[in-house]
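Residue numbers (my numbering): 11 to 984. Positions of the beta carbon are idealized from the N, C-alpha and C atoms, including for glycine.
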């Protein structure tokens with residue numbers, strides 16, 4: 011397989027890139043790996059803000075550079091590194107917003123010079139496409155500013171490729187370095203090659219060091235001149251004139267290559283084993299012209315694909331090669347499995363044939379003994395007499411030889427003596443068949459008569475027949491077992507290949523993640539860099555930031571794809587549990603608190619005199635603490651569904667419309683009992699629905715809300731500043747002193763007017779029901795029916811009966827209208843409502859922006875890509891189910907680790923708690939438990955088996971203990 015550019019390829023690709031990229035400006039630079047880089051261009055006709063003018067939709071191009079391998083533009087999406095490396099930052103520093111002025115090939119060498127900018131502001135990127143390759147950044151005088159691989163050029167100590175040294179462009183080979191191979195020069199080259207051990211060497215390999223065309227172009231010219239591609243130099247009939255003409259044709263092709271080039275991919279097609287209609291296509295080579303050796307190929311499986319340009323052909327070749335490697339690997343595994351099966355079948359066949367042949371020989375020998383009974387008996391008589399007369403073995407042999415010399419009938423039939431085994435061998439033939447083929451050598455036992463010897467051969471035949479029957483039976487079992495293994499291997503290969511090709515890594519899988527019970531994606535950073543990335547790029551204005559109240563904990567972000575809906579308390583609690591479990595509290599087995607804040611409270615701006623490291627943030631304003639939770643996680647699997655199966659699971663994790671305040675109050679009361687020395691008891695409070703205000707997210711569309719539930723003014727006296735750092739010192743047990751907040755809340759309560767409800771029936775309701783009903787009325791007082799129906803329709807809760815009950819509800823709302831005794835109270839609530847609406851709905855950009863660090867700064871296009879990926883969050887997670895049905899079409903399985911309350915509804919799940927086992931071992935144990943599940947379908951088992959070990963355990967905390975039903979039986983069988 012061809013994987014590198016030749017001189018011919020570089021000449022063509024430079025010409026094509028000059029036509030497509032000349033004059034474009036560098037927009038951004040990314041790194042795929044340490045050797046591969048992407049340069050994104052936009053046309054110079056763009057506006058000053060980087061946005062294309064109207065009608066200019068295809069104004070962007072991407073150039074891919076791989077050190078030592080390739081250079082081409084690409085239309086495919088390549089995976090980019092999460093954070094750019096140092097060399098990428100240097101490229102950005104020198105090349106950003108520079109215009110591409112020139113793309114040239116240095117001489118005829120495999121070196122490309124890309125010039126960005128002009129005159130003294132110019133920078134050069136020199137790409138070496140030979141040997142191990144290199145990428146060099148120089149200024150306008152070719153002084154090296156940065157280099158990917160510093161090195162020395164040969165043995166010359168004065169020529170070094172290091173920073174501040176000058177890059178010697180004149181060292182590249184030019185046409186002057188190659189002599190024209192004509193006349194005596196060509197003859198001298200061939201005569202020199204004939205000396206020594208090069209006589210069997212091919213002509214193209216002998217000439218290749220003296221020319222720059224490459225072997226493919228020489229083969230093309232040889233065929234054009236009537237020569238063979240494998241012509242050897244040891245042939246005496248070499249026509250130098252024909253060889254000269256072939257080399258002239260090579261030079262002529264090089265001169266005209268820019269006008270005649272297209273793009274050609276040489277491919278090979280092979281049929282899949284067991285699937286006659288399916289085939290595997292493998293790309294072999296890429297060329298700018300269709301060479302004769304490929305045009306007239308005798309290989310029926312080989313063909314070519316023509317494209318309009320060489321640049322596009324190279325792009326398709328390298329972008330498809332990974333998928334084809336997967337197919338090729340699967341094909342090789344299928345061939346290996348069928349090879350083993352064929353070997354078993356061949357061995358079975360040989361053993362049966364050997365037993366059949368042995369039986370035929372025994373029958374034939376027995377028949378020959380019977381037909382030559384007289385000769386056999388006389389031979390036995392002679393040998394028995396000699397032995398009875400106590401003749402030595404040598405004397406007996408001599409006696410037989412003398413009798414054979416006298417043409418004795420008996421002696422001539424005896425061919426050898428085997429007296430050590432008490433046997434002798436006779437040549438017997440069928441008296442009824444005169445052909446020489448009927449003769450055979452038969453061993454005769456001296457102790458047995460002729461007929462006894464025949465019976466011995468019949469018995470041997472009978473034993474061989476029984477052995478054959480047993481062999482057939484055992485071989486059939488062995489063959490069936492081998493066939494079963496082969497089919498199983500083929501099936502596993504097919505499943506793994508289909509999953510590998512269909513498996514698209516979701517954007518949140520690079521982080522710690524889970525799906526909450528209310529269908530929200532919750533992500534968390536694995537390290538300080540990911541914490542920085544999550545907050546800076548992925549956290550939006552309508553999301554929530556959650557953090558454990560201890561140093562070194564991970565940053566957790568709840569993604570809210572619908573800013574019109576609040577995030578339910580259950581999701582908040584689950585995010586808080588994840589923040590605690592992914593902190594040092596897990597190994598310390600210590601319960602700590604967690605809190606949530608809005609994105610505009612998270613800042614990278616440190617107080618004067620302090621420095622915030624990577625992954626550390628400043629929390630400003632009020633922190634909303636969550637109820638204490640246990641250190642319990644869950645581990646399970648979700649399955650990716652196709653579009654048809656997704657409809658069956660549409661309401662599997664339906665988002666709640668309203669907040670279940672009773673559950674929140676219950677959770678808060680339990681927390682109050684746990685922290686009696688920290689939080690003041692509120693059992694005597696008259697307003698029960700405000701018992702735990704800190705866990706209540708603000709409802710985006712609410713018009714009137716009690717002021718003690720919202721912290722609008724971020725500059726009040728209660729504002730606090732906390733630094734959240736991504737390092738892990740020892741955990742300290744801290745008490746949250748929030749008595750001051752409670753006092754201020756009670757003062758606010760005393761200022762509120764008592765609200766009277768006109769309906770007498772409601773006065774007879776229970777205390778909790780009355781509080782809940784009052785809250786609902788306060789929230790939705792000004793909401794009309796049309797708005798209610800719209801919100802219900804969005805959530806899928808609107809039914810046909812709702813339309814019939816509109817009039818009744820309107821009348822009921824009229825009866826239950828709430829009035830205020832204080833005329834100024836409405837104005838206060840109205841002002842608060844305007845602040846809330848402005849705060850939540852309009853979502854100003856400055857609320858989401860955090861001061862950028864130069865090293866992690868990303869352009870607006872990356873932000874747009876991240877936003878597009880996150881806008882489809884609900885669509886993505888709706889295609890994931892933890893409860894697969896028998897009729898579902900499952901594509902692949904994804905391991906997930908999160909709070910047990912979020913995993914509890916999954917079909918495959920175990921409980922994870924702090925312990926002493928390694929997470930890899932625990933993950934394998936859990937997987938074995940899932941595979942032994944009797945309710946698991948074959949497809950589910952197949953998908954679980956092909957999940958990589960690293961993917962299974964990477965999200966599980968360290969040092970764990972798992973518990974589940976029937977877990978002891980799995981451990982016992984290990």
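**Meets three-Cβ-pair contact criterion under 8 Å: the stretch 554-561 and the stretch 601-617** = Look at the beta carbons and you see the stretch 554-561 touching the stretch 601-617: at least three pairs across the two are nearer than 8 Å.
Among the residues of its own chain, which have a CB less than 7 Å from the CB of residue 591, if the five just before and after it don't count?
Within the same chain, residue 591 has close Cβ partners 641, 643 and 967.
6 Å Cβ shell around residue 463 - same chain, five flanking residues per side excluded:
Taken in chain order, the residues that qualify are 379, 454 and 455.
query = Apart from the five residues just before and just after residue 175, which ones in its own chain have a Cβ nearer than 6 Å to its Cβ?
reply = Excluding sequence neighbours, residue 175 sits near 154.
Exercise. Would you mind giving the Cβ-Cβ distance between residue 267 and residue 304, rounded to the nearest angstrom? I have them listed as a contact below 8 Å.
Key: About 17 Å separates the two Cβ atoms, so there is no contact after all.
* To do: Please name the residue, chosen from 935, 976 and 947, that lies closest to residue 959 on a Cα-to-Cα basis.
  => The residue with the shortest Cα to Cα distance from residue 959 is 935.
**Prompt:** Does DSSP put residue 105 in a helix, in a strand, or in coil?
**Reply:** In this structure, residue 105 counts as helix in the three-state DSSP scheme.
Worksheet item: Hey, how far is the Cα of residue 35 from the Cα of residue 134?
Response: The alpha-carbon separation between residue 35 and residue 134 amounts to approximately 14 Å.
* Cα-Cα separation, residue 30 to residue 53 -> In this structure, the CA atom of residue 30 is about 10 Å from the CA atom of residue 53.
Practice item. Decide if residue 228 is buried, meaning its Cβ has at least 16 other Cβ atoms within 10 Å, or exposed. Key: By the neighbour-count rule (16 or more Cβ atoms within 10 Å), residue 228 is buried.
Quick one: any contact between the stretch 908-915 and the stretch 518-536, if contact means 3 or more CB pairs under 8 Å?
In short, these stretches touch, since the Cβ pair count reaches three.
- Item | Whole-angstrom C-beta distance between residue 179 and residue 118, which should lie under 8 Å | Not a contact, Cβ separation roughly 13 Å.
Check: Excluding the five sequence neighbours on either side, which residues of its own chain have a C-beta within less than 8 Å of the C-beta of residue 128, listed in chain order?
Finding: Within the same chain, residue 128 has close Cβ partners 109 and 111.
Note to self: Buried or exposed for residue 491, going by 16 or more other Cβ atoms inside 10 Å?
What the structure shows: The residue is exposed, with fewer than 16 neighbouring Cβ atoms inside 10 Å.
Just the C-alpha distance for residue 410 and residue 353, rounded to the nearest angstrom, thanks. Spanning the two alpha carbons is a distance of roughly 49 Å.
query: How long is the line joining the alpha carbons of residue 144 and residue 49, rounded to whole angstroms?
result: Distance from the CA of residue 144 to the CA of residue 49, rounded to the nearest whole angstrom, comes to 16 Å.
Exercise for review: Mind reading off the beta-carbon distance from residue 598 to residue 564? Whole number of angstroms is fine, and I expect it under 8 Å.
Suggested key: Going by Cβ atoms, the distance from residue 598 to residue 564 rounds to 15 Å, so no, they are not a contact pair.
Can you tell me whether DSSP reads residue 332 as helix, strand or coil? Three-state DSSP puts residue 332 in a helix.
Residue 433: first and last residue of the uninterrupted alpha helix (DSSP H) it sits in: For residue 433, there is no enclosing alpha helix (DSSP H); the residue is part of the beta strand (DSSP E) that begins and ends at 433-438.
- Could you tell me if residue 939 is buried or exposed, where buried requires 16 or more neighbouring beta carbons within 10 angstroms of its beta carbon? Of the residues assessed, residue 939 falls on the buried side of the cut-off, its CB having 16 or more other CB atoms within 10 angstroms.
Requested in this report: Decide if residue 933 is buried, meaning its Cβ has at least 16 other Cβ atoms within 10 Å, or exposed.
Outcome: Classification of residue 933: buried, given that the 10 Å Cβ count is 16 or more.
ask   = If you run the structure through DSSP and keep just helix, strand and coil, what is residue 4?
value = Not covered by the structure: residue 4. The range shown for the chain is 11 to 984.
Quiz item: For the putative contact between residue 389 and residue 423, defined by C-beta atoms under 8 Å, what is the C-beta separation to the nearest angstrom?
Solution: Indeed they touch by this definition, with Cβ atoms about 7 Å apart.
Since residue 929 is in the beta strand (DSSP E), which residue starts that stretch and which ends it?
Note, residue 929: premise wrong, no beta strand (DSSP E); alpha helix (DSSP H) at 929-941.
Quick one: give me the first and last residue of the alpha helix (DSSP H) that residue 429 is part of.
Boundaries cannot be given for residue 429, as no alpha helix (DSSP H) includes it and DSSP labels it neither H nor E.
- Pick helix, strand or coil for residue 26, following the three-state DSSP scheme. Secondary structure of residue 26 (DSSP, three-state): helix.
Would DSSP call residue 400 helix, strand or coil? If DSSP states are grouped into helix, strand and coil, residue 400 belongs with coil.
| message | Could you compute how far the alpha carbon of residue 251 sits from the alpha carbon of residue 237? | response | In this structure, the CA atom of residue 251 is about 12 Å from the CA atom of residue 237.
Check whether the stretch 19-26 and the stretch 98-109 touch, using three or more Cβ-Cβ pairs below 8 Å as the test.
Touching, no, given that fewer than three Cβ pairs across the two stretches are closer than 8 Å.
- request: For residue 518, name the three-state secondary structure that DSSP assigns.
  value: DSSP places residue 518 in helix when its eight states are reduced to three.
Item to complete: Give me the Cα-Cα distance between residue 329 and residue 86, rounded to the nearest whole angstrom.
Response: Their Cα atoms are separated by approximately 7 Å.
Subject >> Beta-carbon proximity list for residue 584, same chain, < 8 Å, skipping 5 on both sides >> reply: Closer than 8 Å at Cβ, skipping near neighbours: 524, 526, 527, 532, 908, 909, 911 and 912.
Residues in its own chain within less than 6 Å of residue 319 by CB, not counting five upstream and five downstream?
-> Excluding sequence positions up to five before and after residue 319, its CB lies within less than 6 Å of the CB of 26 and 273, all in the same chain and listed in chain order.
query: Can you tell which of 608, 401, 943 and 77 has the C-alpha that lies nearest to the C-alpha of residue 918?
result: Comparing alpha-carbon positions, the option among 608, 401, 943 and 77 lying closest to residue 918 turns out to be 943.
- Query: According to the Cβ coordinates, are residue 647 and residue 488 closer than 8 Å?
  - Reply: Their beta carbons are not under 8 Å apart, which means residue 647 does not touch residue 488 by this criterion.
Per-residue DSSP class, three states only, for residue 601: Three-state result, residue 601: coil.
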